[in-house]
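Worksheet: the structure to be examined is printed underneath.
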Amino acid sequence: MLSVYCMNKRTVYIEPGDFAAGLKLTDSYKTILGSCVSAVFWEPNTQFFAMCHFLLPKAPAVQTGQLGRYGNQVLPEMLRLAKGASVELNDMQVYLFGGASSEKTRGLAERFKVASNNLRYALRFVEHYGLKLVHQDIGGHCGRRVLVDANTGAFACQMVESAEYGVAYGQKN
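Position in the sequence shown (first residue = 1) + 362 = my numbering.
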């Protein structure tokens with residue numbers, strides 16, 4: 363069972379394409395990932411927290427929909443919010459989760475490999491801005507269920523088998 367000590371806390375589900383950010387948040391946040399990537403920004407001094415669940419690395423030329431769907435929009439927005447909250451970027455911790463690929467994508471052209479493209483974008487973003495990547499649970503062929511306590515930065519990540527992933531995704535467990 364996935365658990366982070368969350369007594370008397372509300373747990374907020376981050377849907378694909380969603381993100382949350384703020385200072386001194388008291389809720390816990392969870393999401394379920396396959397090829398998508400979740401980035402968590404946590405800065406303990408200010409208790410700044412941000413978490414996203416992006417589906418694709420880059421927005422199309424003509425974009426419709428949510429800001430959180432695309433890595434090249436949501437990650438800069440999370441960074442902007444951190445700077446706006448006077449977060450010292452040297453003190454901010456970054457966690458990355460997800461980016462599981464399917465065996466079925468093995469022969470596809472690179473541009474069609476969503477998981478590897480998502481991971482590549484997230485890792486390059488972290489490197490480009492000199493952010494401190496303190497934990498990564500990425501790649502492979504299993505989905506992940508992630509739970510993060512926004513008040514403490516504590517997290518739990520559980521691998522989810524593909525058959526269970528479909529059930530879990532529908533149930534948001």
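Note that CB positions come from ideal geometry on N, CA and C, so glycine has one too.
{"Query": "Straight-line gap, residue 507 to residue 423 (C-alpha atoms, nearest Å)", "Result": "31 Å"}
{"Query": "Three-way DSSP call (helix, strand, coil) for residue 530 in this model", "Result": "For residue 530, the pLDDT reaches just 44, beneath the cut-off of 50, and the residue's location in the model is therefore unreliable, although a value from the coordinates is still provided. Correct three-state label for residue 530: helix."}
{"Query": "Delimiting residues of the alpha helix (DSSP H) encompassing residue 490", "Result": "476–490"}
{"Query": "DSSP bridge partner residues for residue 514 (one or two, in chain order)", "Result": "Answer is none; residue 514 lacks a bridge partner."}
{"Query": "For residue 436, the first and last residue of its enclosing beta strand (DSSP E)", "Result": "First-last for residue 436: 433–446, but that is the alpha helix (DSSP H), not the beta strand (DSSP E)."}
{"Query": "Residue from 432, 438, 516, 462 whose Cα sits closest to the Cα of residue 451", "Result": "438"}
{"Query": "Collapsed DSSP secondary structure at residue 430 in the structure displayed", "Result": "helix"}
{"Query": "Residue 451 - DSSP class collapsed to helix/strand/coil", "Result": "helix"}
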